[in-house]
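Okay, structure first, notes after.
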Amino acid sequence: MLRKVAGAAAAKPHVEIRQDGEQFYIKTSTSVRTTEINFRIGEEFDEETVDGRKCK
Numbered sequence: 001m002l003r004k005v006a007g008a009a010a011a012k013p014h015v016e017i018r019q020d021g022e023q024f025y026i027k028t029s030t031s032v033r034t035t036e037i038n039f040r041i042g043e044e045f046d047e048e049t050v051d052g053r054k055c056k
């Protein structure tokens with residue numbers, strides 16, 4: 001079972017990037033997880049890494 005999950009995580013993700021005015025949205029999807037990031041250029045924002053760490 002663990003090998004199946006690892007194989008799915010290693011597959012190429014689907015990445016969607018869009019812009020609405022000065023706001024940017026990046027959505028990354030795999031069969032295991034989907035993450036979304038919203039930010040403005042030049043402004044600090046919070047993000048959580050794949051392994052759960054918080055960063056700015």
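Note that UniProt numbering has the sequence shown beginning at 1, numbered continuously upward. Ideal Cβ placement from N, Cα and C applies to all residues, glycine included.
Counting along the chain, Val32 sits inside no beta strand (DSSP E), nor does DSSP assign it H or E at all. The C-alpha of Thr34 lies about 22 Å from the C-alpha of Glu44.
With a cutoff of 8 Å on beta-carbon distance, Ile26 and Ile37 are scored as near each other. DSSP places Glu16 in the uninterrupted beta strand (DSSP E) bounded by 14-20.
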